[in-house]
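The structure appears right after this line, and notes come after that.
In this note's numbering, the protein residues as written are 14 to 289.
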């Protein structure tokens, strides 16, 4: 498991491109038959990925968490962006199609990930946060997620936000998760930008064509930076940072949040005339 420590926004102003990428970009999440995890000290979120091919992969952090099992003091969301997935939670198996998600609450001891068809393996995104209570395991499909249709073709940001785990949907302690899909011909995922100083966020960009890239904007509103992101790479967004992106083509991304407040609307909009 990689460990990423928190950073000071004043110091980040002096970071090189290489340093920015090493602190905030997760370049490799999906490797066949490996569990790839990154632990960030921003709200203690764990972000990862798994591609089970030859057999099942156990959700385990080894001795990194100093707990008996992964979900002893945590909750987790698992969202599939590949072929059919089979996820077993303490002996009960859940089948996930593409863009289906599974929430697993604190206390589940054995979680294993497997592909239904090894010729078309699952690609399972993993997002975990600390928990203080146990909520039941729930499967969420994209058809049952709450859709928000935002933006327009005139502003190049026509998109649908699917809310999976949130205050009015599947319940959790603090983890929130959903998927945003941009319509063809649209490139901006959020603008005007915003910050939410009470919680951090992670983005996993996917459905990015091999020849395309997403320019992810970050930093304080008065001192923005950017990361150039390829397909299936993730970004750690600190609470003090804007998080907005523009692509060379349309794309999708999974967003997940953890922190102080459990409401989707807890954000501070940054007016365009103050963004620099």
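Built from N, CA and C at the ideal position, the CB exists for glycine as well.
Use the C-beta contact count for residue i: other C-beta atoms within 10 angstroms, 16 or more gives buried, fewer gives exposed.
i           : result
residue 282 : exposed
residue 113 : buried
residue 263 : buried
residue 21  : exposed
residue 161 : exposed
residue 256 : buried
residue 56  : buried
residue 51  : buried
residue 23  : exposed
residue 133 : exposed
residue 53  : buried
residue 1   : The chain is shown only over 14 to 289; residue 1 falls outside these bounds and no answer can be derived.
residue 348 : No answer is possible for residue 348: it lies beyond the span of the chain, which begins at 14 and ends at 289.
residue 166 : exposed
residue 104 : exposed
residue 41  : exposed
What would DSSP say about residue i, mapped onto helix, strand or coil?
i           : result
residue 266 : strand
residue 154 : coil
residue 16  : strand
residue 213 : strand
residue 189 : strand
residue 205 : coil
residue 30  : helix
residue 36  : helix
residue 233 : strand
residue 24  : helix
residue 166 : helix
residue 113 : coil
residue 281 : strand
residue 80  : coil
residue 287 : helix
residue 227 : strand
Straight-line CA distance for residue i to residue j?
i           : j           : result
residue 304 : residue 180 : Limits of the chain in this structure are 14 at one end and 289 at the other, which puts residue 304 out of reach.
residue 75  : residue 169 : 44 Å
residue 98  : residue 137 : 8 Å
residue 231 : residue 276 : 22 Å
residue 25  : residue 17  : 14 Å
residue 274 : residue 201 : 26 Å
residue 93  : residue 224 : 23 Å
residue 123 : residue 148 : 16 Å
residue 234 : residue 252 : 12 Å
residue 245 : residue 145 : 30 Å
residue 15  : residue 125 : 21 Å
residue 82  : residue 117 : 13 Å
residue 60  : residue 215 : 8 Å
residue 131 : residue 110 : 14 Å
residue 196 : residue 80  : 43 Å
residue 184 : residue 269 : 14 Å
residue 100 : residue 285 : 44 Å
residue 241 : residue 204 : 18 Å
residue 115 : residue 72  : 13 Å
residue 258 : residue 19  : 22 Å
Can a CB atom of chain D be found closer than 8 Å to the CB of residue i?
i           : result
residue 160 : The chain inventory of the structure shown lacks chain D, comprising one protein chain alone.
Could you check how far apart the C-beta atoms of residue i and residue j are, in whole angstroms? I think they sit under 8 Å.
i           : j           : result
residue 217 : residue 243 : No, residue 217 and residue 243 are not in contact; Cβ-Cβ is about 12 Å, not under 8 Å.
residue 288 : residue 206 : 6 Å
residue 172 : residue 194 : 6 Å
residue 88  : residue 188 : 6 Å
residue 58  : residue 142 : 5 Å
residue 226 : residue 260 : 7 Å
residue 250 : residue 213 : 6 Å
With a threshold of 7 Å, establish whether the CB of residue i neighbours any heavy atom of the ligand FAD.
i           : result
residue 187 : With respect to small molecules bound, the structure shown includes none, and the ligand FAD cannot be examined in it.
### Query
Are the stretch 152-159 and the stretch 62-79 touching, with three or more C-beta to C-beta distances below 8 Å?
no
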